[in-house]
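Input: a single structure, listed below in structure tokens.
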Amino acid sequence: MFALSFFRRDAPALKGERVYLRAPEAGDYHEWASLRGESRAFLEPWEPRWAADELDRSAWRQRLGRYREDFANGNAAAFFIFENATNRLVGGITLGNIRHGVAQSGQIGYWMGQRYAGQGLMLEALLLLTDFGFDTLRLHRIEAACIPGNKRSVRVLEKAGFQREGLLRSYLRINGNWQDHHLYALIADDRRGGTTKG
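Residues in the sequence shown are numbered from 1 upward in steps of one, following UniProt numbering.
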């Protein structure tokens, strides 16, 4: 189970030099809808097809409900990414499909508003979240899947130390089409310069 202190309203869940991560809250709706709406053309090639009500308040409430249910069940931890200097929402990042037991693994997914892309903010958010996954949740392996043509995402993952492990053919339905993805992974020992033994 997650440490609920990470989700107090009076403090960021995870804080870095330029960004902080915290759980989405009901009051984030307008900023979220505005950023996602203005970034739609930038995001759509890399995401599942947007629903007709994607940015509606009712869909937002359902999304928040899923975040809270997944968190309560220990399946996922969803965060919004905020810039420290301005407290503005810049994107989102989730550690999902969390499995304990013999797997001790999770999968990362993320998005960034177009006007904040290319500034190194996602790299910092990714490093904060992997630290949370390894140090707080005690995971052994964190994975991310990336469409081969998504050069920005490839760079972020590789800068964060993720290693490409293979090609997942026709892996996810993105923007209406089944897409191949590269599988990237980071092992707990990778951060310490160690090696993993079977």
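Every residue gets a Cβ at the ideal spot worked out from N, C-alpha and C, and that includes glycine.
Here the structure is a predicted model, which is why all the values come from computation and not from measurement.
If you reduce the DSSP assignment to three classes, tell me which class glutamate 47 lands in.
coil
Just checking my contact of serine 39 with glycine 109 at CB under 8 Å: how many whole Å lie between their CB atoms?
Incorrect: roughly 16 Å between the Cβ atoms, too far for contact.
Could you check what DSSP says for glycine 91 in three-state terms: helix, strand or coil?
strand
Closest to threonine 86 by C-alpha separation, out of Phe132, Ala72, Gly96 and Tyr116, would be which residue?
Tyr116
Which same chain residues end up closer than 7 Å to arginine 57 when comparing Cβ atoms and leaving out the 5 residues on each side of it in sequence?
Closer than 7 Å at Cβ, skipping near neighbours: Tyr29.
Under three-state DSSP, which class holds serine 39?
Coil at serine 39, not helix or strand.
Just verifying my parser: in three-state terms, what is the DSSP assignment at glutamate 25?
coil
Please go through the same chain and pick out, in chain order, the residues whose beta-carbon is closer than 8 Å to the beta-carbon of leucine 168, but skip the five residues on each side of it.
Ala145, Asp180, His181, His182 and Leu183
Indicate whether valine 19 and isoleucine 98 have their beta-carbon atoms separated by less than 8 Å.
no
DSSP has leucine 172 in a bridge; who is on the other side?
DSSP lists Gln179 as the beta-bridge partner residues of leucine 172.
Could you tell me the distance, in whole angstroms, from the CA atom of leucine 21 to the CA atom of alanine 125?
7 Å
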